[in-house]
Amino acid sequence: MRVTPGMTADNALYHLQQGRTANDALLEQISSGLNINRPSDDPLTTRQLLDLQDQISSGEQYTSNITKGKLLLNVTDTALGGMADTIAQAKKVAGSLSSGSSDPTTIASAVSQLTQLKSQLIDYGNTQLGNQYVFGGFKNVQPFSSTGTFNGTDDSLDVQITQSSQVSTNVSGGKLLRGGTPPPVVGTGATAGNTPVDILGSIDALILAISGNNPSGITDGIKNMQAAADQVNASISDVAGRLTRLDNVQTMITNNQNTLKGIYSDKQTVDYAKAGVELSQQTTAFNAALSATSKISQLSLLDYLK
Amino acid sequence: MGISNLFEVANTAVTAQRLAIEVAGENIANVNTDGYSRQQVIMTNKPVTTSNGFPLGTGVEVQSVRRSYDGMLQQQIVNGNSTYQQNLARQTALTQIQPSFNELATDGLGKAVDNFFSAWSDLSANPQGTAERQALLSTTQVMVDNFHQMSQTLTGIQTTADNQLVGITADVSENARGLALVNSQIMATNAVGGNANELLDQRDLLLRKLSEKIGITSTLQSDGTATVTLTGGAHEPLVSGNKYATLYTNPNGGKNDILITGVGNPAPAAIPTLDANVTTTIGGPGNSLGELGGTLQVRDTIVPGYLGKVNEMAAQLVSAVNTQHQAGYGIDGPPPTNLHDFFLAGGTTAATISLDPALTANTIAAGLPTASDPVPSSNNNGNALQLAALKNASFGFSTGSTTFAGFYSSLVSTVGIDTQSAQNTTIQGEAFLKQLNTLQQSNSGVSLDEELTNLTKYQQAFQGAAKVLNTATEMLDTILGLVR
Numbered sequence: 001m002r003v004t005p006g007m008t009a010d011n012a013l014y015h016l017q018q019g020r021t022a023n024d025a026l027l028e029q030i031s032s033g034l035n036i037n038r039p040s041d042d043p044l045t046t047r048q049l050l051d052l053q054d055q056i057s058s059g060e061q062y063t064s065n066i067t068k069g070k071l072l073l074n075v076t077d078t079a080l081g082g083m084a085d086t087i088a089q090a091k092k093v094a095g096s097l098s099s100g101s102s103d104p105t106t107i108a109s110a111v112s113q114l115t116q117l118k119s120q121l122i123d124y125g126n127t128q129l130g131n132q133y134v135f136g137g138f139k140n141v142q143p144f145s146s147t148g149t150f151n152g153t154d155d156s157l158d159v160q161i162t163q164s165s166q167v168s169t170n171v172s173g174g175k176l177l178r179g180g181t182p183p184p185v186v187g188t189g190a191t192a193g194n195t196p197v198d199i200l201g202s203i204d205a206l207i208l209a210i211s212g213n214n215p216s217g218i219t220d221g222i223k224n225m226q227a228a229a230d231q232v233n234a235s236i237s238d239v240a241g242r243l244t245r246l247d248n249v250q251t252m253i254t255n256n257q258n259t260l261k262g263i264y265s266d267k268q269t270v271d272y273a274k275a276g277v278e279l280s281q282q283t284t285a286f287n288a289a290l291s292a293t294s295k296i297s298q299l300s301l302l303d304y305l306k
Numbered sequence: 307m308g309i310s311n312l313f314e315v316a317n318t319a320v321t322a323q324r325l326a327i328e329v330a331g332e333n334i335a336n337v338n339t340d341g342y343s344r345q346q347v348i349m350t351n352k353p354v355t356t357s358n359g360f361p362l363g364t365g366v367e368v369q370s371v372r373r374s375y376d377g378m379l380q381q382q383i384v385n386g387n388s389t390y391q392q393n394l395a396r397q398t399a400l401t402q403i404q405p406s407f408n409e410l411a412t413d414g415l416g417k418a419v420d421n422f423f424s425a426w427s428d429l430s431a432n433p434q435g436t437a438e439r440q441a442l443l444s445t446t447q448v449m450v451d452n453f454h455q456m457s458q459t460l461t462g463i464q465t466t467a468d469n470q471l472v473g474i475t476a477d478v479s480e481n482a483r484g485l486a487l488v489n490s491q492i493m494a495t496n497a498v499g500g501n502a503n504e505l506l507d508q509r510d511l512l513l514r515k516l517s518e519k520i521g522i523t524s525t526l527q528s529d530g531t532a533t534v535t536l537t538g539g540a541h542e543p544l545v546s547g548n549k550y551a552t553l554y555t556n557p558n559g560g561k562n563d564i565l566i567t568g569v570g571n572p573a574p575a576a577i578p579t580l581d582a583n584v585t586t587t588i589g590g591p592g593n594s595l596g597e598l599g600g601t602l603q604v605r606d607t608i609v610p611g612y613l614g615k616v617n618e619m620a621a622q623l624v625s626a627v628n629t630q631h632q633a634g635y636g637i638d639g640p641p642p643t644n645l646h647d648f649f650l651a652g653g654t655t656a657a658t659i660s661l662d663p664a665l666t667a668n669t670i671a672a673g674l675p676t677a678s679d680p681v682p683s684s685n686n687n688g689n690a691l692q693l694a695a696l697k698n699a700s701f702g703f704s705t706g707s708t709t710f711a712g713f714y715s716s717l718v719s720t721v722g723i724d725t726q727s728a729q730n731t732t733i734q735g736e737a738f739l740k741q742l743n744t745l746q747q748s749n750s751g752v753s754l755d756e757e758l759t760n761l762t763k764y765q766q767a768f769q770g771a772a773k774v775l776n777t778a779t780e781m782l783d784t785i786l787g788l789v790r
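Chains A and Z supply the protein sequences, listed in that same order. Counting in this note's numbering, the first sequence tops out at residue 306, every number present. Counting in this note's numbering, the second sequence tops out at residue 790, every number present.
So this is what it looks like as structure tokens:
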């Protein structure tokens with residue numbers, strides 16, 4: 001084939017351009033630290049990376065939801081612990097008067113104690129996190145009035161913790177302290193100690209029985225207090241169960257996130273050693289091309305003609 | 307054969323070698339001229355006569371100055387140019403579009419949509435929170451801005467492509483006029499029996515330039531002129547002999563139509579109502595020919611395709627979110643606002659999507675009625691949960707049933723594939739053209755070394771011929787001296 005200096009020049013330019021392009025691509029990878037800098041670099045992997053990004057961001061959102069849920073449940077748990085102690089005290093007061101008493105001082109003291117304990121339970125029932133009442137359900141008004149009327153709702157306040165599952169972050173105050181909405185009739189005789197029990201109503205009935213020195217009413221009250229303790233304890237273990245579940249899901253998400261981030265980084269983070277070696281190879285090749293170009297393009301018959 | 311014949315022989319040699327040196331000079335002068343084909347002097351010996359009983363030639367004559375030229379290669383370069391320029395136009399537009407979809411480097415529309423649903427999820431965890439409600443509003447505004455930005459970028463590229471058509475058609479018309487002029491000069495040169503080598507080079511160069519812009523079919527006539535018709539559509543004539551047509555654009559409903567006049571010299575005036583409208587055919591099948599084809603493809607296929615997908619996503623988002631939002635209640639009142647939209651119901655494209663003007667932080671419908679909470683209270687998060695769950699819900703998109711994120715990711719991936727394929731075909735086309743040009747250069751290019759050698763060769767032959775003349779003169783002097 002006949003080769004002209006024009007062809008040599010064109011070829012040299014073309015190959016120098018190729019060398020520069022290759023160098024430039026490597027330099028971009030190294031300086032950005034990313035294997036894929038734009039979708040066209042590798043459309044298929046881009047699709048995978050975007051899906052991974054989406055999953056990672058979902059995981060972050062679920063983690064944030066879980067943290068908020070745990071906060072609410074922990075506050076609820078503390079309140080429930082307080083309620084359990086209060087009910088235990090109420091039970092003790094009732095127990096000390098199980099056979100009745102006609103001593104007005106004893107009666108007055110017991111009534112005053114029980115009244116105090118009832119307000120304490122109502123206070124616990126009005127526990128707030130920030131400005132949110134944890135036992136109020138959907139309504140954000142003080143769930144219990146001073147007499148113990150429940151003004152909240154029994155709805156469950158759910159948060160999304162995985163793509164397919166939600167967890168309730170609250171305990172219904174109405175069901176917990178009033179046994180339901182509307183509250184069931186306070187158990188007497190054979191029905192005493194049945195659950196669900198209207199705890200606040202039972203304390204009211206107990207106060208009446210003690211004031212009226214009614215031993216069978218007091219015995220019913222003791223049974224009801226036992227049922228109340230069971231009811232609160234059931235809630236405590238329910239909340240503890242939910243907290244454990246949240247912990248487990250959080251651990252699972254964290255593990256999952258680590259795996260996903262690992263895969264993402266595997267695909268997307270530049271292997272500097274490899275890129276460095278490639279850059280050095282490219283640079284050598286490019287240098288050689290430059291040097292060859294400068295030598296070849298100087299050759300001309302003109303230098304030898306006299 | 308007499309001495310005078312010797313003069314005759316030497317004279318032909320001096321003339322021929324001088325012409326050869328002139329051609330070498332012309333070649334050297336045009337070593338860097340675009341489209342120039344090197345010329346060679348073809349010498350033959352003159353008719354043989356009998357001299358003293360021996361047949362001898364009567365000197366040398368220049369039979370022709372031949373242009374080193376390969377018509378087949380020229381045709382391939384013309385075709386290669388058309389495809390290459392089409393791909394280049396596509397690649398240029400796509401590399402401008404791609405950054406808008408580059409979710410790998412920067413957070414774009416995909417991330418904004420993700421954040422939008424995350425904000426609903428945050429709201430579901432604290433439905434009466436003022437901060438969460440305000441965050442949802444501003445996150446939505448960011449997403450809406452992203453949609454607008456995307457729409458503006460794509461529309462901008464479409465407008466640029468449309469404007470480029472004006473320049474391209476003007477260029478084509480100018481080259482067609484130039485080719486018609488060259489054709490008429492070729493005819494004139496042929497009429498006087500001249501050598502039209504340089505004009506043929508210009509003709510080929512103009513054909514190559516035309517083929518870069520649009521798909522053409524060229525036929526070389528026996529008189530050396532080129533006849534050019536459009537490849538696409540009804541093969542409208544562009545250049546025929548010294549007549550040429552004008553290709554021009556005519557605004558029609560916000561876009562440029564491409565029209566072509568009949569041929570003439572000068573070309574007939576443009577009359578949009580009468581001239582042939584070749585907008586849909588000039589680019590060839592699928593707008594696959596020339597820069598014009600590529601530009602038309604960008605304007606009429608690529609950008610509308612992407613814009614359609616983004617619009618589809620906006621429409622689906624507006625409809626899905628509004629439908630769910632209408633089921634819920636705000637926390638204003640009493641009574642709380644209900645049965646209202648989140649997005650402006652009429653804004654169902656990427657350009658027009660916007661928040662419902664009546665929406666405020668407190669009228670965001672996070673609550674969903676339940677049996678025990680028939681008029682949702684402030685802590686009711688039912689609807690926020692439902693809206694956050696739309697993130698993972700599948701919708702019937704034109705590409706199949708998928709989530710918003712899935713639909714957008716596949717759009718990003720499509721843009722990536724389109725850009726990659728345009729880049730790859732451009733690189734291949736470049737390599738192919740380079741190979742063709744190398745072959746053509748090898749055949750037609752001027753080599754300085756070769757010309758310098760030729761120069762020396764012809765110079766020495768010239769000196770030799772002069773020496774013959776010198777000898778003949780001395781011989782004649784000698785003979786004349788005999789009779790003194």
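The beta-carbon is built from N, C-alpha and C at its ideal position, and this holds for glycine as well. No experiment lies behind these values; they were computed from the predicted model shown.
Below the 7 angstroms Cβ cutoff, chain A contributes Pro39 as neighbours of Z/Val721, in chain order. Excluding sequence positions up to five before and after A/Ile207, its CB lies within less than 7 angstroms of the CB of Val111, Leu114, Thr115, all in the same chain and listed in chain order.
Chain order gives the chain Z residues near A/Arg47 as Ser715, Ser716, Val718, Ser719, Gly722, where near means a beta carbon separation below 9 angstroms. By the neighbour-count criterion, in which 16 or more other beta carbons inside 10 Å mark a residue as buried, A/Gly33 falls on the exposed side. In the three-state scheme derived from DSSP, where H, G and I count as helix and E and B as strand, Z/Val488 is classed as helix. Z/Leu623 and Z/Leu696 have their C-alpha atoms spaced approximately 9 angstroms apart. Per the Cβ contact rule, the stretch 375 to 389 of chain Z is not in contact with the stretch 327 to 338 of chain Z (fewer than 3 Cβ pairs under 8 angstroms). Any Cβ of chain A closer than 8 angstroms to the Cβ of Z/Ala633 would place that residue at the interface, and such an atom is absent.
Look at the stretch 178 to 253 of chain A and you find these whole runs of alpha helix (DSSP H), each 4 residues long or longer: 199 to 211. Listed along chain Z are Leu410, each with a C-beta nearer than 7 angstroms to that of A/Ile36. When Cβ pairs closer than 8 angstroms are counted between the two stretches, the stretch 543 to 554 of chain Z is seen to touch the stretch 565 to 573 of chain Z, the count reaching three or more.
Chain order gives no chain A residues near Z/Val616, where near means a beta carbon separation below 7 angstroms; the closest approach is about 15 angstroms. Chain Z places no beta carbon closer than 8 angstroms to that of A/Phe150, leaving this residue out of the contacts.
At a C-beta separation below 9 angstroms, A/Phe138 has these neighbours in chain Z: Pro433, Gly673, Thr676, Ser678, Asp679, Pro682, Ser683, Ser684, Asn685, Asn686, Asn687, Gly688.
A/Gln166 has A/Gln160 as its beta-bridge partners, per DSSP. The beta-carbon of A/Pro5 is placed less than 8 angstroms from the nearest beta-carbon of chain Z. Here Z/His631 has Phe648, Ala671 as same chain residues with Cβ atoms under 6 angstroms from its own Cβ, once five neighbours each way along the sequence are excluded.
Linking Z/Tyr375 to Z/Thr364 through their CA atoms gives a straight-line distance of about 31 angstroms. Z/Gln726 has a beta carbon lying within less than 8 angstroms of a beta carbon in chain A. Distances from the alpha-carbon of A/Val3 to those of Z/Ser753, Z/Asp413, Z/Asp451 put Z/Ser753 closest. With a cutoff of 8 angstroms on beta-carbon distance, A/Thr46 and Z/Ser388 are scored as not near each other.
In the same chain as A/Ser58, and ignoring 5 residues on each side of it, the C-beta atoms closer than 8 angstroms to its own belong to Gln163, in chain order. By DSSP's assignment, Z/Ser546 forms a beta bridge with Z/Lys549.
Looking at Z/Asn503, Z/Ser594, Z/Ala651, Z/Asp679, the one whose alpha-carbon comes closest to that of A/Asn151 is Z/Asp679. For A/Pro5, the uninterrupted alpha helix (DSSP H) segment begins and ends at 5 to 32. In this structure Z/Ala316 touches Z/Leu775 by the C-beta definition: roughly 4 angstroms separates them, less than 8 angstroms. Scanning Z/Thr339, Z/Gln726, Z/Asp413 for the CA closest to the CA of Z/Thr398 turns up Z/Gln726. According to the DSSP assignment, Z/Asp563 belongs to the beta strand (DSSP E) that extends over 561 to 566.
The three-state secondary structure of Z/Arg372, taken from DSSP, is strand. In this structure, Z/Pro557 sits away from Z/Leu565, with a CB-CB distance that is not shorter than 8 angstroms. Closest in alpha carbon position to Z/Leu379, among Z/Leu511, Z/Met349, Z/Thr321, Z/Phe422, is Z/Leu511. In the DSSP assignment, Z/Ala532 falls within the beta strand (DSSP E) that extends over 532 to 536. With three or more CB-CB distances shorter than 8 angstroms, the stretch 222 to 232 of chain A counts as touching the stretch 191 to 201 of chain A. Contact between the stretch 703 to 723 of chain Z and the stretch 649 to 664 of chain Z is not established, with fewer than three Cβ pairs separated by less than 8 angstroms. Z/Gly653 and Z/Pro574 have their alpha carbons spaced roughly 47 angstroms apart. Proximity of chain A to Z/Val752 at the Cβ level (cut-off 8 angstroms) is accounted for by Thr4, Gly6, in chain order.
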